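Listed in order, the protein sequences are those of chains P and H. Just so we're aligned, residue 17 is where the first sequence starts under the numbering used here, counting upward by one. Just so we're aligned, residue 17 is where the second sequence starts under the numbering used here, counting upward by one. A virtual CB, placed ideally from N, CA and C, is assigned to each residue, including glycine. Remember, it's a predicted structure, so these values are computed and weren't measured experimentally. A short write-up of the structure that comes next.
Number of protein chains: 2
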Amino acid sequence: MRVYNFAAGPSTLPLKVLEKAQSEFLDFAGTGMSVCEISHRDKAYEAVVKSAEALVRELLNVPDDYAVIFVQGGASTQFAAIPLNLMQTGVADYIVTGNFAKKAWQEGQIYGTANKIGDSSDKTYTYIPDVDKLAYTDGADYVHITSNNTIFGSRYSKFPKCKAPLVADMSSEIFSREVNVSDFGVIYAGAQKNLAPAGVTIVIAKRSLIENPLKICPTMLKWKVQDENGSLYNTPPAFAIYMANLVLENLKELGGVKAMQQQNEYKAALLYDFIDNSKLYKNNVVPEFRSIMNVPFVTGSEELDAKFVAEAKKAGLVSLKGHRIVGGMRASIYNAMPVEGVKALIEFMKKFEKENG
Amino acid sequence: MRVYNFAAGPSTLPLKVLEKAQSEFLDFAGTGMSVCEISHRDKAYEAVVKSAEALVRELLNVPDDYAVIFVQGGASTQFAAIPLNLMQTGVADYIVTGNFAKKAWQEGQIYGTANKIGDSSDKTYTYIPDVDKLAYTDGADYVHITSNNTIFGSRYSKFPKCKAPLVADMSSEIFSREVNVSDFGVIYAGAQKNLAPAGVTIVIAKRSLIENPLKICPTMLKWKVQDENGSLYNTPPAFAIYMANLVLENLKELGGVKAMQQQNEYKAALLYDFIDNSKLYKNNVVPEFRSIMNVPFVTGSEELDAKFVAEAKKAGLVSLKGHRIVGGMRASIYNAMPVEGVKALIEFMKKFEKENG
Numbered sequence: 017m018r019v020y021n022f023a024a025g026p027s028t029l030p031l032k033v034l035e036k037a038q039s040e041f042l043d044f045a046g047t048g049m050s051v052c053e054i055s056h057r058d059k060a061y062e063a064v065v066k067s068a069e070a071l072v073r074e075l076l077n078v079p080d081d082y083a084v085i086f087v088q089g090g091a092s093t094q095f096a097a098i099p100l101n102l103m104q105t106g107v108a109d110y111i112v113t114g115n116f117a118k119k120a121w122q123e124g125q126i127y128g129t130a131n132k133i134g135d136s137s138d139k140t141y142t143y144i145p146d147v148d149k150l151a152y153t154d155g156a157d158y159v160h161i162t163s164n165n166t167i168f169g170s171r172y173s174k175f176p177k178c179k180a181p182l183v184a185d186m187s188s189e190i191f192s193r194e195v196n197v198s199d200f201g202v203i204y205a206g207a208q209k210n211l212a213p214a215g216v217t218i219v220i221a222k223r224s225l226i227e228n229p230l231k232i233c234p235t236m237l238k239w240k241v242q243d244e245n246g247s248l249y250n251t252p253p254a255f256a257i258y259m260a261n262l263v264l265e266n267l268k269e270l271g272g273v274k275a276m277q278q279q280n281e282y283k284a285a286l287l288y289d290f291i292d293n294s295k296l297y298k299n300n301v302v303p304e305f306r307s308i309m310n311v312p313f314v315t316g317s318e319e320l321d322a323k324f325v326a327e328a329k330k331a332g333l334v335s336l337k338g339h340r341i342v343g344g345m346r347a348s349i350y351n352a353m354p355v356e357g358v359k360a361l362i363e364f365m366k367k368f369e370k371e372n373g
Numbered sequence: 017m018r019v020y021n022f023a024a025g026p027s028t029l030p031l032k033v034l035e036k037a038q039s040e041f042l043d044f045a046g047t048g049m050s051v052c053e054i055s056h057r058d059k060a061y062e063a064v065v066k067s068a069e070a071l072v073r074e075l076l077n078v079p080d081d082y083a084v085i086f087v088q089g090g091a092s093t094q095f096a097a098i099p100l101n102l103m104q105t106g107v108a109d110y111i112v113t114g115n116f117a118k119k120a121w122q123e124g125q126i127y128g129t130a131n132k133i134g135d136s137s138d139k140t141y142t143y144i145p146d147v148d149k150l151a152y153t154d155g156a157d158y159v160h161i162t163s164n165n166t167i168f169g170s171r172y173s174k175f176p177k178c179k180a181p182l183v184a185d186m187s188s189e190i191f192s193r194e195v196n197v198s199d200f201g202v203i204y205a206g207a208q209k210n211l212a213p214a215g216v217t218i219v220i221a222k223r224s225l226i227e228n229p230l231k232i233c234p235t236m237l238k239w240k241v242q243d244e245n246g247s248l249y250n251t252p253p254a255f256a257i258y259m260a261n262l263v264l265e266n267l268k269e270l271g272g273v274k275a276m277q278q279q280n281e282y283k284a285a286l287l288y289d290f291i292d293n294s295k296l297y298k299n300n301v302v303p304e305f306r307s308i309m310n311v312p313f314v315t316g317s318e319e320l321d322a323k324f325v326a327e328a329k330k331a332g333l334v335s336l337k338g339h340r341i342v343g344g345m346r347a348s349i350y351n352a353m354p355v356e357g358v359k360a361l362i363e364f365m366k367k368f369e370k371e372n373g
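Pasting the structure below:
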């Protein structure tokens, strides 16, 4: 029986996509080979990479002067790639709104002066600092943000208007809401939440910014090199890109990012409304900054939280345990989580509250 | 119809493995999720990573004081990771026996003095320099070799006996012949030839060598960090590791590396014997250094080569076109290429020679 999977990533994928991948797993596009076996230089496979790039451009309205590349190593590798590609003067600003934002900032310190100009750790990252009141550094190479904080369930309700190029880790929300790409210098995202299985990372970067990577930048981390080679500088993570392409095709069929945003806002509203009106469950994030992708909640009792997670699993609602830093529960309700899954979770929460409240 | 796929990588995988992956693609280990969806922190998935590591250790007899890690980015990323992890004194030796060996050497130059102590480009990389007569640098941090040259179809018949730790790119031959791991400081390999689909890279490194990566080494490229976290420092390329585990289980069932080496030597002998006795086909590699994985051959006529590749494809023998640097044909006959595939190729070559010789 297929479960509802609320994992923070890797996470649920559209069933339709999985079924298609399964059906052609031994014979990709009539080639007599699995997509796992075909040469990345084969025209049938090159078409997949080109299609995936074109769909990213179309679905996010990416301007032509931006590179769209598929790389490896997850957002964590990009934490180094960002300064290695962009830190020409050696100074950058970071806004620290969660665990991964902090890791990105720490990695930036290896390569230059990484100024922490905002920090919401004083209230366990339950809010986003007011981006209009931060002391941006004059002449900084970039300002780095994590647009959606997977662990803490917060997100930017508006983005910084800064002179330096804005660099955003959108791993846990890319394709979930409309963004204006030209407001950013770089957008990057590990695929394993809204895009594909783990193993591929997407980078969208304004080409004029990536001309001069640092000399010590590994060739494979040079965005310019990946861009010039259409993500085929070396053997790409072929299966993950293939799956990304299927997910993007599916997203387009469903009406694109705008339609997905409406559905995501609807799902999130259902869950937050229920939590706010319940006596047992609590979400601590300041409402303006609540993520529509990751919804953490607690009962106030660690024992009860553990019981909740265990009983939910028996009911086919899995991976609801919160991150160890936050505790409690977390429901990740990415693009591929159907409305029915959120409704099933709420029904279970009601029942559990009745029995344990 | 399933073809015989002679691609240099990504390349053919065991049909049995593909069928198993397909059969459980929607429901991994009874979890009600695809292996593409399950959290990498789920016990059912962690067991896969642990099993894959244990199988690598068992099948290659890896000593306990060596790390075995799964990382991303292909061998090309390791070209940077090698100096970034090992170049403490800033000097290393490289033996350049092909295209990738050269790329590794060039990447080494970014981070220190990379001495080219051997080079077989004078004869289009058709041999391996005599490793007993090279001028190894005193006190070098390591000596880098590419043990099997995918493009040129050559391999080391014996390995350097040097004071510095030997670092070997075994991408296109790992698990194909027995090696004594303790003769090496580091062995690394992109998975997409003998191990798994593209997207995961294996690194086997003596722990005492990897304690002090350079300060500028990206955290994700620090082998020590990956080792300390059991390859789960961040989200791993989960599907590729899962497939690697299935391939390794299959290899064990088939009798391990020793049995595979026997079969590989048999397949290679069939093909080289036929080529050497034919009037049309020629392999230019010095016999002692002929690869048992990649077998390039030419007819001497570019036109005839192109005809060969096209007609072979029609006969279900695909991806036989040689690398653009070498031209002609190349048959990659990795572990997963059955003896029947090699025999079918030879039969086709006979027929083609009769018609065109």
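Closest by CA to residue i, which one among the options?
{"i": "H/E269", "options": "H/F200, H/L71, H/A212", "result": "H/L71"}
{"i": "P/R171", "options": "P/I161, P/A180, P/K179, P/C178", "result": "P/I161"}
{"i": "H/E372", "options": "H/P229, H/E62, H/A322", "result": "Sequence check: residue 372 of chain H is Asn here, not Glu. Nearest of H/P229, H/E62, H/A322 to H/N372, Cα basis: H/A322."}
{"i": "P/P181", "options": "P/A83, P/P253, P/V112, P/A156", "result": "P/A156"}
{"i": "P/F86", "options": "P/I308, P/G106, P/E62, P/A326", "result": "P/E62"}
{"i": "H/F95", "options": "H/A285, H/D185, H/E194, H/K298", "result": "H/D185"}
{"i": "P/H56", "options": "P/L262, P/S247, P/L361", "result": "P/S247"}
{"i": "P/S188", "options": "P/A360, P/K36, P/F22, P/G271", "result": "P/F22"}
{"i": "P/R193", "options": "P/A60, P/K370, P/K231, P/N280", "result": "P/N280"}
{"i": "H/I349", "options": "H/P79, H/D148, H/K283, H/W239", "result": "H/K283"}
{"i": "H/D81", "options": "H/D243, H/N310, H/Y297", "result": "H/D243"}
{"i": "P/C52", "options": "H/E304, H/R340, H/P26", "result": "H/P26"}
{"i": "H/K149", "options": "H/A68, H/C178, H/A60", "result": "H/C178"}
{"i": "H/G46", "options": "P/V334, P/E369, P/K298", "result": "P/V334"}
Name, in chain order, the residues that DSSP records as bridge partners for residue i.
{"i": "H/M345", "result": "H/F313, H/K337"}
{"i": "H/N165", "result": "H/S170"}
{"i": "P/K298", "result": "P/V314"}
{"i": "P/N21", "result": "P/V334"}
{"i": "P/G134", "result": "P/I111"}
{"i": "H/T217", "result": "H/V87, H/G206"}
{"i": "H/L182", "result": "H/V159"}
{"i": "P/N222", "result": "At residue 222 of chain P the sequence reads Lys, which differs from the Asn that was named. DSSP, once it has assigned bridges, lists P/Y82 as partnering P/K222."}
{"i": "H/T129", "result": "H/V107"}
{"i": "H/R6", "result": "Not covered by the structure: residue 6 of chain H. The range shown for chain H is 17 to 373."}
Measure how close the beta-carbons of residue i and residue j come, nearest whole angstrom, since I'm counting them as under 8 angstroms.
{"i": "H/V197", "j": "H/L76", "result": "6 angstroms"}
{"i": "P/A108", "j": "P/A130", "result": "6 angstroms"}
{"i": "P/F175", "j": "P/D199", "result": "6 angstroms"}
{"i": "H/L211", "j": "H/A260", "result": "5 angstroms"}
{"i": "P/L29", "j": "P/V263", "result": "7 angstroms"}
{"i": "P/V301", "j": "P/T142", "result": "5 angstroms"}
{"i": "P/I291", "j": "P/F324", "result": "Contact doesn't hold; Cβ gap of about 13 angstroms is too wide."}
{"i": "H/G215", "j": "P/F255", "result": "6 angstroms"}
{"i": "H/T166", "j": "H/A24", "result": "5 angstroms"}
Taking the beta carbon of residue i as the centre, do at least 16 other beta carbons fall within 10 Å, making it buried, or is it exposed?
{"i": "P/R346", "result": "buried"}
{"i": "P/M236", "result": "buried"}
{"i": "H/G124", "result": "buried"}
{"i": "H/R306", "result": "buried"}
{"i": "P/Q374", "result": "Beyond the ends of chain P as shown, which are 17 and 373, falls residue 374 of chain P; an answer cannot be given."}
{"i": "H/M276", "result": "buried"}
{"i": "P/M17", "result": "exposed"}
{"i": "P/D12", "result": "Because chain P spans 17 through 373 in this model, residue 12 of chain P falls outside it and cannot be assessed."}
{"i": "P/I133", "result": "buried"}
{"i": "P/T140", "result": "exposed"}
Item checked: Contacting positions in the segment 236-256 of chain P - beta carbon closer than 9 angstroms to chain H -> Among the residues of the segment 236-256 of chain P, those with a Cβ less than 9 angstroms away from any Cβ of chain H are M236, L237, Y249, N250, T251, P252, P253, A254, F255, A256, in the order of the chain.
Note to self: Against chain H, which members of the segment 42-76 of chain P pass a CB distance test of less than 9 angstroms?
What the structure shows: Along the segment 42-76 of chain P, the positions whose C-beta sits under 9 angstroms from a C-beta of chain H are L42, D43, T47, G48, M49, S50, V51, C52, E53, I54, S55, H56, R57, D58, Y61, read in chain order.
Notebook entry, point to check: Residues in the segment 76-107 of chain H with C-beta within 7 angstroms of chain P's C-beta atoms, listed in sequence order?
Noted result: Those would be Q88, G89, G90, S92, T93, A96, in chain order.
Check: In the segment 200-215 of chain H, which residues sit with their C-beta less than 9 angstroms from some C-beta in chain P, listed in chain order?
Finding: Cβ contacts with chain P come from G206, Q208, A212, P213, A214, G215.
Notebook entry, point to check: Just by C-beta distance, which residues in the segment 104-135 of chain P are closer than 9 angstroms to chain H?
Noted result: Within the segment 104-135 of chain P, the qualifying residues are K119, Q122, E123, I126, Y127.
Item checked: Near-chain P residues of the segment 217-229 of chain H - C-beta to any C-beta below 8 angstroms -> The residues in question: there are none.
Check: For the segment 320-347 of chain H, which residues have a CB atom closer than 8 angstroms to at least one CB atom of chain P, in sequence order?
Finding: For the segment 320-347 of chain H, which is checked against every Cβ of chain P, the residues closer than 8 angstroms are G332, V334, S335.
Note to self: What are the residues in the segment 17-31 of chain P lying within 7 angstroms of chain H by C-beta distance?
What the structure shows: Cβ contacts with chain H: M17, R18, V19, N21, A23, G25, P26, S27, T28, L29.
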